[in-house]
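Working notes, beginning with the structure itself.
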Amino acid sequence: MRLILTLLLIASIVGCGTTPDSVEWRVKPQSNFYVRDKAVVFESLVRVLEQQGYQITRSAAAAGEIEAQSKLLESRVRGAARQYFVSVKMRGIGENETGVELLVHEAREGDFKVGVTKSALSDHGRYESINKALEADLGADSWLPPGGPR
Numbered sequence: 002m003r004l005i006l007t008l009l010l011i012a013s014i015v016g017c018g019t020t021p022d023s024v025e026w027r028v029k030p031q032s033n034f035y036v037r038d039k040a041v042v043f044e045s046l047v048r049v050l051e052q053q054g055y056q057i058t059r060s061a062a063a064a065g066e067i068e069a070q071s072k073l074l075e076s077r078v079r080g081a082a083r084q085y086f087v088s089v090k091m092r093g094i095g096e097n098e099t100g101v102e103l104l105v106h107e108a109r110e111g112d113f114k115v116g117v118t119k120s121a122l123s124d125h126g127r128y129e130s131i132n133k134a135l136e137a138d139l140g141a142d143s144w145l146p147p148g149g150p151r
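Count along the sequence shown starting at 1, add 1, and that's the number in my numbering.
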């Protein structure tokens, strides 16, 4: 009897991690590479996100990580709202080259009983706007074409 209760307890604990956020890893971040030092890319990306209206919620320059969130945005549906979250990871690749991985999440709250739903987006216009603004801020010839560093 004790064994059965122990197994049920373990099964219930393991089953708790099945929320959509626990399977985010299935959405690959969008990657870009820049011919700039990691510290320069980090400062530039913080500036770009703030200019686009994001609030930086966490930043770690040494680790090359930034997390930011947009303001609460109204939806077309009355009583509904959405908000965007950006996660960034950077790594120095070589001398004066940096890899940047962006992942955008969208949180929606609407007129339904489930509450807030948050999902990672594999494709969204926010990726393009952030990447273009970063490239413009870093200057001409800063972006490396797909395929990565030289």
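Positions of the beta carbon are idealized from the N, C-alpha and C atoms, including for glycine. Just so it is clear, the structure is predicted and the values come from calculations on it, not from any experiment.
The beta carbons of Val-105 and Val-78 sit no closer together than 8 Å.
When only Cα atoms are considered, Ala-137 and Ser-130 end up about 11 Å apart.
Pro-146 and Phe-34 have their C-alpha atoms roughly 8 Å apart. Closest in alpha carbon position to Arg-83, among Ala-40, Arg-109, His-125 and Lys-90, is Arg-109. Leu-103 is positioned such that its CB atom lies no closer than 8 Å to that of Val-42.
Arg-37: not part of any alpha helix (DSSP H); DSSP gives it neither H nor E. Spanning the alpha carbons of Ala-62 and Trp-144 requires a straight line of approximately 20 Å. Comparing alpha carbon positions, the residue from Lys-29, Ser-60 and Glu-75 closest to Glu-68 is Ser-60.
Residue environment for Gly-126: exposed (fewer than 16 other C-beta atoms within 10 angstroms of its C-beta). DSSP, reduced to helix, strand and coil, places Lys-29 outside both helices and strands of the structure shown, so it counts as coil.
Straight across, the Cα-Cα distance linking Tyr-55 with Lys-72 is about 7 Å.
The residues Ala-82, Arg-83 and Gln-84, in chain order, have a CB closer than 7 Å to that of Leu-74 in the same chain once the five nearest residues on each side in sequence are set aside. By the CB criterion at 8 Å, Asn-97 and Asp-142 fall outside the cutoff.
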